[in-house]
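Residue numbers (this note's numbering), protein chains in the order written: chain A, 621 to 732; chain B, 1057 to 1173.
Worksheet: one structure, shown below.
Below is the structure:
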């Protein structure tokens, strides 16, 4: 079945450094790739997304890149801050269907 | 953005009892809602897809007789954990998409923490 693999499972960076999280998907029909941030005890919230007709998207300190040929996409956070500490989930969706497949999550620690 | 609420936010029940969790889309309609289970420090595990007016679609390994789903209206889906056992203790989250918009974002409820004693 469809699968999304996410790496690393845990990432620790120093404040101000960059963080990169990578995901690979299996369903070639996937055309929408969101990233969610979940703080402890709270609901996941969308932080950025990208559609398959775009290779890169940026929103302030957050950027996402997509390589459809290789079926992988990445989240880049620059100038990390302690408040970026959370669990990040990548996901893939075929917008012709309805089921979003989530990665296993990456626990990001930003050390002050 | 669109808002999804969930009730209760936490519940403690005794083994053998049933617990109902409600998921509501507050400002949009959703023919499809999703129920997830999340263990501590783990990912979101899709349990089932709730379909308004029809039977839910359960993921492999999820007991449909244990986790009853009802989607009676375009804004409400309920998950009932029947004959709860301590191993059912978990964080349950629902989500929905605003199907009336061109946005594919999933909006999550705040979750329900179930503890079975």
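Cβ coordinates follow ideal geometry from the N, Cα and C atoms, glycine included.
Model, not experiment: these values are computed from the prediction.
Between the segment 661-673 of chain A and the segment 1155-1166 of chain B, are three or more C-beta pairs nearer than 8 Å? Yes, they touch.
Alpha-carbon to alpha-carbon, residue 715 (chain A) and residue 673 (chain A): Translated into positions along the first chain, residue 673 (chain A) becomes position 53. Translated into positions along the first chain, residue 715 (chain A) becomes position 95. The C-alpha of residue 715 (chain A) is placed about 13 Å away from the C-alpha of residue 673 (chain A).
Chain-ordered residues of the segment 692-715 of chain A with a beta carbon less than 9 Å from chain B: So the close ones are 707, 709, 711, 713, 715.
I want to verify the contact list: residues of chain A whose CB lies under 8 Å from the CB of residue 1149 (chain B), in sequence order. Translated into positions along the second chain, residue 1149 (chain B) becomes position 93. Listed along the chain, the chain A residues whose CB falls inside 8 Å of the CB of residue 1149 (chain B) are 663, 664.
At the level of alpha carbons, what is the spacing between residue 722 (chain A) and residue 624 (chain A)? The residue labelled residue 722 (chain A) in the question sits at position 102 within the first chain. The residue labelled residue 624 (chain A) in the question sits at position 4 within the first chain. So the two alpha carbons sit approximately 6 Å from each other.
So which residues of chain B does residue 724 (chain A) contact, with C-beta pairs closer than 8 Å? Against the first chain, residue 724 (chain A) aligns to sequence position 104. Within 8 Å Cβ-Cβ: 1098, 1099.
Any beta carbon of chain A sitting closer than 8 Å to that of residue 1160 (chain B)? In the second chain, the residue the question calls residue 1160 (chain B) occupies position 104. Taking Cβ atoms only, chain A reaches closer than 8 Å to residue 1160 (chain B), which makes this a yes.
Helix, strand or coil at residue 1083 (chain B) according to DSSP, with G and I counted as helix: Within the second chain, residue 1083 (chain B) is the residue found at index 27, counting from 1. Taken through DSSP and simplified to helix, strand or coil, residue 1083 (chain B) comes out as coil.
Please state whether the Cβ-Cβ distance between residue 628 (chain A) and residue 711 (chain A) is less than 8 Å. Locating residue 628 (chain A) in the first chain gives position 8, where the first residue counts as 1. Locating residue 711 (chain A) in the first chain gives position 91, where the first residue counts as 1. No, Cβ-Cβ distance for residue 628 (chain A) and residue 711 (chain A) is not below 8 Å.
Going straight from the alpha carbon of residue 652 (chain A) to that of residue 697 (chain A), what length do you get? Taking the first residue of the first chain as 1, we reach residue 652 (chain A) at position 32. Taking the first residue of the first chain as 1, we reach residue 697 (chain A) at position 77. Taking the CA atoms as reference points, residue 652 (chain A) sits about 20 Å from residue 697 (chain A).
Enclosing beta strand (DSSP E) for residue 1153 (chain B) [first to last residue]: Translated into the one-based positions of the second chain, residue 1153 (chain B) becomes position 97. Where residue 1153 (chain B) is concerned, the enclosing beta strand (DSSP E) stretches over 1146-1153.
According to a CB-to-CB cut-off of less than 8 Å, which residues of the segment 1099-1130 of chain B neighbour chain A? If the cut-off is 8 Å between Cβ atoms, the segment 1099-1130 of chain B has 1099, 1100, 1102, 1105 near chain A.
Does the distance from the CB of residue 694 (chain A) to the CB of residue 728 (chain A) come in under 8 Å? Reading the first chain from its first residue, position 74 is the one you call residue 694 (chain A). Reading the first chain from its first residue, position 108 is the one you call residue 728 (chain A). No, the pair does not count as a contact, with Cβ atoms beyond the cut-off.
Quick one, which of B:1114, B:1173, B:1107, B:1128 has its alpha-carbon nearest residue 1144 (chain B)'s? For the purposes of this step, residue 1144 (chain B) is taken as residue 88 along the second chain, with counting starting at 1. Answer by Cα proximity: B:1173.
With 16 as the cutoff for other CB atoms within 10 Å, does residue 637 (chain A) come out buried or exposed? The residue labelled residue 637 (chain A) in the question sits at position 17 within the first chain. By the neighbour-count criterion, in which 16 or more other beta carbons inside 10 Å mark a residue as buried, residue 637 (chain A) falls on the exposed side.
Can you tell which of B:1126, B:1134, B:1090, B:1142 has the C-alpha that lies nearest to the C-alpha of residue 1063 (chain B)? In the second chain, residue 1063 (chain B) corresponds to position 7, counting from 1. Comparing Cα positions, the closest option is B:1134.
If we ignore side chains and look at the alpha-carbon of each, how far apart do residue 700 (chain A) and residue 708 (chain A) end up? Here the question's residue 700 (chain A) lines up with position 80 in the first chain. Here the question's residue 708 (chain A) lines up with position 88 in the first chain. One C-alpha to the other measures close to 14 Å.
Does the beta-carbon of residue 1125 (chain B) have 16 or more other beta-carbons within 10 angstroms, so that it is buried, or is it exposed? The residue labelled residue 1125 (chain B) in the question sits at position 69 within the second chain. Residue 1125 (chain B) is classed as buried because its beta carbon has at least 16 other beta carbons within 10 Å across all chains shown.
Inspect the beta-carbon positions of residue 1060 (chain B) and residue 1152 (chain B) and report whether they are closer than 8 Å. Start at 1 with the first residue of the second chain, and residue 1060 (chain B) comes out as number 4. Start at 1 with the first residue of the second chain, and residue 1152 (chain B) comes out as number 96. It is a contact, given that the beta carbons lie within the stated cut-off.
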